[in-house]
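Using numbering that gives the first Met the number 0, you'd call the opening residue of the sequence shown number 0 and step up by one each time.
All residues carry an ideal CB built from backbone N, CA and C; glycine is no exception.
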Amino acid sequence: MNYHIETYGCQMNLHETEKIAGILHREGYTSATSMEEADIIVFNTCCIRENAENHAFGNLGALKKLKRANKNLIVAVGGCMVQEEGKAQFLKEKFPFIDILFGTHNLARLGELIRRRKQEKKTLIELFPARSGVEDGVEPVRASYPNAWVNITYGCNNFCSYCIVPYVRGREISREKADILSEVETLCAAGYKEITLLGQNVNSYCGSDGTRFFELLDEVASAAQGVRIRFMTSHPKDFSAELVAVMKAHSNICKLLHLPAQSGSNRILSLMNRRYTREKYLENIALLRREIPDCAVTTDLIVAFPTETEEEFCETLSLVKEADFSSAFTFVYSPRTGTKAAQMEGQIPEEVAKDRIMRLIDCVNKNTRKMSAQYVGKTVRVLCEDYDAKRALYLGRDEYGRMGYFTSEKNRVGEFVDLKVDRANGISLFGSITGD
Ligand code: SAH
Ligand code: SF4
Ligand code: F3S
Numbered sequence: 000m001n002y003h004i005e006t007y008g009c010q011m012n013l014h015e016t017e018k019i020a021g022i023l024h025r026e027g028y029t030s031a032t033s034m035e036e037a038d039i040i041v042f043n044t045c046c047i048r049e050n051a052e053n054h055a056f057g058n059l060g061a062l063k064k065l066k067r068a069n070k071n072l073i074v075a076v077g078g079c080m081v082q083e084e085g086k087a088q089f090l091k092e093k094f095p096f097i098d099i100l101f102g103t104h105n106l107a108r109l110g111e112l113i114r115r116r117k118q119e120k121k122t123l124i125e126l127f128p129a130r131s132g133v134e135d136g137v138e139p140v141r142a143s144y145p146n147a148w149v150n151i152t153y154g155c156n157n158f159c160s161y162c163i164v165p166y167v168r169g170r171e172i173s174r175e176k177a178d179i180l181s182e183v184e185t186l187c188a189a190g191y192k193e194i195t196l197l198g199q200n201v202n203s204y205c206g207s208d209g210t211r212f213f214e215l216l217d218e219v220a221s222a223a224q225g226v227r228i229r230f231m232t233s234h235p236k237d238f239s240a241e242l243v244a245v246m247k248a249h250s251n252i253c254k255l256l257h258l259p260a261q262s263g264s265n266r267i268l269s270l271m272n273r274r275y276t277r278e279k280y281l282e283n284i285a286l287l288r289r290e291i292p293d294c295a296v297t298t299d300l301i302v303a304f305p306t307e308t309e310e311e312f313c314e315t316l317s318l319v320k321e322a323d324f325s326s327a328f329t330f331v332y333s334p335r336t337g338t339k340a341a342q343m344e345g346q347i348p349e350e351v352a353k354d355r356i357m358r359l360i361d362c363v364n365k366n367t368r369k370m371s372a373q374y375v376g377k378t379v380r381v382l383c384e385d386y387d388a389k390r391a392l393y394l395g396r397d398e399y400g401r402m403g404y405f406t407s408e409k410n411r412v413g414e415f416v417d418l419k420v421d422r423a424n425g426i427s428l429f430g431s432i433t434g435d
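(1) What do you reckon, are the CB atoms on Thr336 and Ser160 nearer than 8 Å?
(2) Using the three-state DSSP reduction, which class does Met357 fall into: helix, strand or coil?
(3) In whole angstroms, what separates the C-alpha of Gly425 from that of Asp98?
(4) Does the Cβ-Cβ distance between Glu5 and Val140 come in under 8 Å?
(5) Assuming Leu255 and Cys294 are in contact, meaning their beta carbons sit under 8 Å apart, how far apart are those beta carbons, in whole angstroms?
(6) How far does the alpha helix (DSSP H) with Lys18 in it extend, from its first residue to its last?
(7) Name the one or two DSSP bridge partners that Phe415 has.
(8) Nearest-angstrom Cα distance between Gly209 and Thr297?
(9) Would you mind working out which of Val149, Phe42, Arg115, Ala75 sits nearest Thr195, comparing C-alpha positions?
(10) Buried or exposed for Ser181, going by 16 or more other Cβ atoms inside 10 Å?
(11) What three-state label does DSSP hand Cys187 in the structure shown?
(12) Are there 16 or more other CB atoms within 10 angstroms of the CB of Glu290, so buried, or fewer, so exposed?
(13) Is the CB-CB distance between Ile47 and Val137 below 8 Å?
(14) Can you list, in chain order, the residues of its chain whose CB lies under 6 Å from that of Gly434, leaving out five sequence neighbours each side?
(15) Ignore the nearest five residues each way along the sequence and tell me which others in Gly198's own chain have a CB closer than 6 Å to its CB.
(16) When you compare each of Pro95, Tyr275, Met402, Ile39 to Asn71 by their alpha carbons, which one comes out closest?
(17) Could you give the distance in angstroms between the alpha-carbon of Glu241 and the alpha-carbon of Val201?
(18) Buried or exposed: Cys155, going by 16 or more other Cβ atoms within 10 Å of its Cβ?
(19) Measuring from the CB of Phe230, is there a heavy atom of the ligand SAH at a distance below 7 Å?
(20) If we count the other Cβ atoms within 10 Å of its Cβ and call it buried at 16 or more, is Gly102 buried or exposed?
(21) What does DSSP give as the partner residue(s) for Asp299 in the beta ladder?
(22) Quick check: what's the CA-CA separation for Asn1 versus Glu307?
(23) Pick from Arg266, Glu278, Ala322: whose alpha carbon is nearest that of Glu310?
(24) Within the continuous alpha helix (DSSP H) that includes Ile284, where are the two ends?
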């Protein structure tokens, strides 16, 4: 029996797919080489923006044919989209061939739902909060070597006015420090070379014994000597000098902070309920760079939030230059039903939004290219992650998040290599291995 999993969304979902794979293995399934060969297909969905949903709808529709060809095929749909108000019922009606719909807190129960579905001939729906709990105890089948993801928090309490995450993932829960440390130690012993701590807002972590994020990070970095540590995402309102001190104190913590700014305008930041100002954001980055001058900062930015004026948009452009981001994820605001912003007056017309996103991407790219050019002639240390068969090149990232490509006779995945950069293209660097 074979499985196939389609994943949408963020790292959280990618990691949850590893947990779903773990459950399916336990149920006796192995990974299929294609969707057509699968006996069970699981969709792990995202609803952060409308296009994430549309993408999943299109691919779900295409399953009808497979289901007709194979009567025993099981189709299960989980993840954030299923948790949206009324969405599970909608999916059940639109795609009546779906066998199982499971929510973000019901992942650990997937095995039982599959067994039940084989007995009962009706669509099974199990959502949060009908059953609440996180999926600790599920052994993931990791697919990201040499990196491993480790959840430290689940959910979010911030209610940024545009965002659906708090509604579909529930309130923030911090995992126990002892459980996190023991997972980290196991991963180090198993030979992982990079660990990424995951949470919607990692720096609001609060352990049951009062442990704060910077203290947890300090302990994780000490427990994982020789292993790179990354963490994401951090919220600017929870930025602290203590966090910077811990980053500075440990050479194995990557000198990269992903700190979503969202907008450069104070009025828009306030409407977004972000709880910091442009000035405070820049002050924090200045402190970070004073302490760790080479630290890279990356960000997320949204254009065309309701009522955003041309001048306010230009403040986001100027923030990109002032903050000197090495790269940024850029998004057009997408109204999400149930959020505060979706009810605001002054939604921005599509052509204005398109124009703004193009100008923002251009501005971000210019900055990225300028920074990448400075690498040419220098040597960077990358952790080789994969082989790109199309380019016939190995690839890896340096601690600042820059991608490096190189040729090698032997398999380098999982090795740290020194790369002499001879060419830069966007965020990617190309070079050759030195000291071999
Ligand atoms: N918890 C993280 C990531 C949340 S989702 C954080 O707070 O940074 C990742 C990014 O998607 C957000 O940072 C935001 O830039 C973007 N995003 C969230 N909701 C959105 C929406 N409704 N429209 C457009 N972009 C959105
Ligand atoms: Fe969404 Fe804001 Fe929470 Fe991030 S911090 S997940 S943007 S509500
Ligand atoms: Fe999407 Fe859910 Fe992540 S909405 S971005 S998969 S938390």
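In short:
(1) Within the sequence shown, residue 336 is the residue found at index 337, counting from 1. Within the sequence shown, residue 160 is the residue found at index 161, counting from 1. For Thr336 and Ser160, no; Cβs fall outside 8 Å.
(2) To locate residue 357, count along the sequence shown from 1; it is residue 358. Correct three-state label for Met357: helix.
(3) The residue labelled residue 425 in the question sits at position 426 within the sequence shown. The residue labelled residue 98 in the question sits at position 99 within the sequence shown. So the alpha carbons of these two residues sit roughly 44 Å apart.
(4) Position 6 of the sequence shown, counting from 1, holds the residue named residue 5. Position 141 of the sequence shown, counting from 1, holds the residue named residue 140. No, the pair does not count as a contact, with Cβ atoms beyond the cut-off.
(5) Residue mapping note: residue 255 aligns to position 256 of the sequence shown, counting from 1. Residue mapping note: residue 294 aligns to position 295 of the sequence shown, counting from 1. With 8 Å as the limit, Leu255 and Cys294 qualify as a contact, their Cβ atoms being about 7 Å apart.
(6) As a first step, residue 18 is located in the sequence shown; it is residue number 19 there, counting from the start. It spans 10 to 25 - the alpha helix (DSSP H) in which Lys18 sits, taken as one unbroken run.
(7) For the purposes of this step, residue 415 is taken as the residue at position 416 of the sequence shown. DSSP output for Phe415 lists Leu382 as bridge partner(s).
(8) Position 210 of the sequence shown, counted from the start, is the residue given in the question as residue 209. Position 298 of the sequence shown, counted from the start, is the residue given in the question as residue 297. When rounded, the distance between both Cα atoms is 29 Å.
(9) As a working note, residue 195 is residue 196 in the sequence shown. Minimum Cα distance to Thr195 is reached at Val149.
(10) Walking along the sequence shown from the start, residue 181 turns up at place 182. It is exposed - the Cβ of Ser181 has fewer than 16 other Cβ atoms within 10 Å.
(11) Translated into the one-based positions of the sequence shown, residue 187 becomes position 188. Of the three classes helix, strand and coil, the one that applies to Cys187 here is helix, per DSSP.
(12) The residue given as residue 290 occupies position 291 in the sequence shown. It is exposed - the Cβ of Glu290 has fewer than 16 other Cβ atoms within 10 Å.
(13) To locate residue 47, count along the sequence shown from 1; it is residue 48. To locate residue 137, count along the sequence shown from 1; it is residue 138. Not closer than 8 Å, so no.
(14) Here the question's residue 434 lines up with position 435 in the sequence shown. Same-chain partners within the cutoff: Asp417.
(15) Position 199 of the sequence shown, counted from the start, is the residue given in the question as residue 198. These residues qualify, in order along the chain: Ile151, Thr152.
(16) Here residue 71 is taken as the residue at index 72 of the sequence shown, counted from 1. Cα-wise, what sits closest to Asn71 is Ile39.
(17) As a working note, residue 241 is residue 242 in the sequence shown. As a working note, residue 201 is residue 202 in the sequence shown. Each residue's alpha carbon lies about 14 Å from the other.
(18) Translated into positions along the sequence shown, residue 155 becomes position 156. The residue is buried, with at least 16 neighbouring Cβ atoms inside 10 Å.
(19) In the sequence shown, residue 230 corresponds to position 231, counting from 1. Answer for Phe230: no, Cβ out of range of the ligand SAH.
(20) Residue 102 sits at position 103 when you count from the first residue of the sequence shown. Under this definition Gly102 is a buried residue.
(21) In the sequence shown, the residue the question calls residue 299 occupies position 300. Answer by DSSP bridge pairing, in chain order: Phe328.
(22) Taking the sequence shown and counting its residues from 1, the one referred to as residue 1 is at position 2. Taking the sequence shown and counting its residues from 1, the one referred to as residue 307 is at position 308. Cα to Cα, the separation comes out at about 49 Å.
(23) To locate residue 310, count along the sequence shown from 1; it is residue 311. Ranking Arg266, Glu278, Ala322 by Cα distance to Glu310 puts Arg266 first.
(24) The residue labelled residue 284 in the question sits at position 285 within the sequence shown. 277 to 290 is the extent of the alpha helix (DSSP H) around Ile284.
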